[in-house]
Amino acid sequence: MNNVTIEGTLDLSKKRRVPKATRNLDAFLVEPGDVLFNATNSPELVGKSAFFPGHREPAVFSNHFLRLRPHAGQLDGRFLARWLTLQFQRRTFEGMCRQWVNQATVGRDSLLALEIPLPPLAEQRRIAEVLDRAEALRAKRRAALAQLDPLTQALFLDLFGDPATNTKGVPIESLGNHLLFITSGGRGWAEFYAPTGSRFIRSLDVRINYIGNDDIAFVVPPDNAEARRTRTIAGDVLLTITGSRIGRVAPVPVELEGAYVSQHVAILRANHQRIGPEFLSFFLSFDTGGQRQIAKAQYGQTKPGLNFEQIRRFQIPVPPLPLQLDFARRIAAVQKLKTAHRASLAELDALFAALQHRAFRGEL
481 MNNVTIEGTL
491 DLSKKRRVPK
501 ATRNLDAFLV
511 EPGDVLFNAT
521 NSPELVGKSA
531 FFPGHREPAV
541 FSNHFLRLRP
551 HAGQLDGRFL
561 ARWLTLQFQR
571 RTFEGMCRQW
581 VNQATVGRDS
591 LLALEIPLPP
601 LAEQRRIAEV
611 LDRAEALRAK
621 RRAALAQLDP
631 LTQALFLDLF
641 GDPATNTKGV
651 PIESLGNHLL
661 FITSGGRGWA
671 EFYAPTGSRF
681 IRSLDVRINY
691 IGNDDIAFVV
701 PPDNAEARRT
711 RTIAGDVLLT
721 ITGSRIGRVA
731 PVPVELEGAY
741 VSQHVAILRA
751 NHQRIGPEFL
761 SFFLSFDTGG
771 QRQIAKAQYG
781 QTKPGLNFEQ
791 IRRFQIPVPP
801 LPLQLDFARR
811 IAAVQKLKTA
821 HRASLAELDA
831 LFAALQHRAF
841 RGEL
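All residue numbers for the sequence shown refer to the working numbering, where the first residue is 481 and numbers rise by one.
Quick look at the structure:
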């Protein structure tokens with residue numbers, strides 16, 4: 481399932497193989513021009529689809545997929561895959577699937593009962609070509625953005641060394657020794673949601689070293705001590721402490737000062753004379769640093785979580801403050817590039833969405 485992206489493309493960077501001698505293997509071969517429809521997945525991911533252009537070795541598909549083979553001369557596979565991806569993005573399949581615990585499925589008959597616009601084959605191919613070119617531009621922008629993450633890791637390793645081995649001999653201390661304040665959001669914020677107001681930061685907004693701005697939420701908070709306790713200031717570090725997104729961490733930028741956080745997000749307010757927010761956030765996000773400790777500290781098998789005492793006990797390196805500030809300056813330059821790439825990607829995403837809608841209304 482993970483080889484099909486939500487954008488409707490195939491990602492074959494990770495492959496699994498089955499023995500050639502597997503019984504009835506030929507019945508599950510995928511041929512060039514086929515479309516793979518992810519019929520079983522979690523409710524929000526069921527319906528991912530991708531066109532199969534062919535591969536240098538034989539390929540088969542898992543039982544989570546339906547293989548669709550269009551009639552030659554009637555339906556173009558790339559056109560079909562793009563139309564299915566548009567339905568996925570419209571959450572059509574989420575609305576029509578059968579659900580049980582953490583799983584959902586779209587039946588073969590339900591899928592085949594859907595009606596698809598069917599212009600002449602040449603027009604289908606033209607539409608698919610336009611959308612493929614637009615998707616290629618989006619893919620290049622996503623790839624450029626992804627390359628910036630290894631750069632920030634390299635900057636950290638260059639200045640501070642690998643946290644797992646601490647070859648630079650940086651002093652290691654408990655995080656709690658450097659926290660001025662730690663809290664998390666309260667319950668019951670739903671009643672204060674509003675179209676405008678103060679920014680409300682949920683666990684889904686906390687990414688890796690930045691706070692996302694997709695589908696943002698606002699609240700008009702009550703004027704009480706509980707609300708004031710969960711109000712952020714610039715330089716706070718936010719850490720998700722419950723649920724599937726546990727361990728995501730990001731510093732609060734100046735423009736988000738005064739935001740409020742949900743019960744799934746902790747506010748870590750460090751002594752900035754010893755620990756800079758950018759350094760703290762990045763260390764906590766590092767696989768061999770904070771993430772290893774977060775994974776070890778999680779409690780609860782059905783709903784993982786971190787408590788404040790566990791967070792205080794995290795062991796962190798405490799390099800000289802000038803070195804941390806140098807790291808923050810370098811990271812700021814990289815973040816500026818990321819911001820530009822994200823803005824460009826958002827524009828491409830909006831253009832692609834418009835192209836899709838026009839394409840299947842016969843207006844492209």
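Glycine included, each C-beta is placed from N, C-alpha and C at the ideal position. In this text the structure is predicted, and so the values were computed from the model without any measurement.
Residue i, DSSP secondary structure in three states
| i | result |
| --- | --- |
| residue 605 | helix |
| residue 557 | helix |
| residue 774 | helix |
| residue 587 | coil |
| residue 552 | coil |
| residue 567 | helix |
| residue 850 | Coverage of the chain is limited to positions 481 through 844, which leaves residue 850 absent and any answer about it impossible. |
| residue 542 | coil |
| residue 657 | helix |
| residue 672 | helix |
| residue 797 | strand |
| residue 636 | helix |
| residue 746 | strand |
| residue 621 | helix |
| residue 627 | helix |
| residue 610 | helix |
| residue 536 | coil |
| residue 684 | helix |
| residue 592 | helix |
| residue 471 | Because the chain here runs from 481 to 844, residue 471 falls outside it and cannot be looked at. |
| residue 644 | coil |
Supposed contact pair residue j and residue i - C-beta distance, whole angstroms, cut 8 Å
| i | j | result |
| --- | --- | --- |
| residue 686 | residue 720 | 5 Å |
| residue 481 | residue 551 | Not confirmed; about 27 Å, so no contact. |
| residue 842 | residue 597 | 7 Å |
| residue 734 | residue 761 | Going by Cβ atoms, the distance from residue 734 to residue 761 rounds to 15 Å, so no, they are not a contact pair. |
| residue 688 | residue 765 | 5 Å |
| residue 773 | residue 795 | 7 Å |
| residue 709 | residue 663 | 6 Å |
Endpoints, the alpha helix (DSSP H) within which residue i is located
| i | result |
| --- | --- |
| residue 791 | 788-792 |
| residue 706 | 705-709 |
| residue 827 | 801-839 |
| residue 508 | It is not in any alpha helix (DSSP H) - residue 508 carries neither H nor E in the DSSP assignment. |
| residue 573 | 572-576 |
Inter-residue spacing [alpha-carbon to alpha-carbon] between residue i and residue j
| i | j | result |
| --- | --- | --- |
| residue 683 | residue 755 | 24 Å |
| residue 672 | residue 703 | 12 Å |
| residue 803 | residue 516 | 51 Å |
| residue 759 | residue 807 | 7 Å |
| residue 485 | residue 529 | 8 Å |
| residue 727 | residue 790 | 13 Å |
| residue 763 | residue 770 | 6 Å |
| residue 507 | residue 534 | 16 Å |
| residue 643 | residue 798 | 11 Å |
| residue 487 | residue 739 | 31 Å |
| residue 469 | residue 491 | Given that the chain is displayed from residue 481 to residue 844, the structure contains no residue 469 and the question cannot be resolved. |
| residue 741 | residue 660 | 18 Å |
| residue 572 | residue 562 | 14 Å |
| residue 525 | residue 532 | 19 Å |
| residue 743 | residue 839 | 43 Å |
| residue 832 | residue 667 | 38 Å |
| residue 503 | residue 539 | 15 Å |
| residue 570 | residue 830 | 14 Å |
| residue 537 | residue 494 | 14 Å |
| residue 641 | residue 648 | 6 Å |
| residue 837 | residue 593 | 21 Å |
| residue 637 | residue 816 | 20 Å |
| residue 600 | residue 553 | 9 Å |
| residue 565 | residue 650 | 49 Å |
Host beta strand (DSSP E) of residue i (start-end)
| i | result |
| --- | --- |
| residue 757 | Segment 757-765 is the alpha helix (DSSP H) holding residue 757; no beta strand (DSSP E) there. |
| residue 720 | 717-720 |
| residue 714 | Careful: residue 714 lies outside any beta strand (DSSP E) and carries neither H nor E. |
| residue 678 | 678-681 |
| residue 698 | 697-699 |
| residue 529 | 529-531 |
| residue 651 | Taken as a continuous stretch (DSSP letters only), residue 651 belongs to no beta strand (DSSP E), as it is neither H nor E. |
| residue 518 | 515-518 |
| residue 501 | Looking at the DSSP string, residue 501 is not in any beta strand (DSSP E), and its letter there is neither H nor E. |
| residue 731 | 729-731 |
heavy atom of the ligand GDP below 7 Å from residue i C-beta
| i | result |
| --- | --- |
| residue 640 | Absence of the ligand GDP is noted for the structure shown, with no ligands found whatsoever. |
Indicate whether the contact test is met: 3 or more Cβ pairs, each with one atom in the segment 520-529 and one in the segment 582-590, closer than 8 Å.
yes
Are the segment 695-711 and the segment 637-656 touching, with three or more C-beta to C-beta distances below 8 Å?
no
Decide if the segment 589-596 is in contact with the segment 806-818; the criterion is three or more beta carbon pairs, one per stretch, under 8 Å apart.
no
Is the segment 606-626 touching the segment 571-578, taking contact as three or more C-beta pairs under 8 Å?
no
Within the chosen definition, does the segment 548-563 reach the segment 625-635 through at least 3 CB pairs nearer than 8 Å?
no
So does the segment 553-565 actually touch the segment 601-608, counting three or more Cβ pairs closer than 8 Å?
yes
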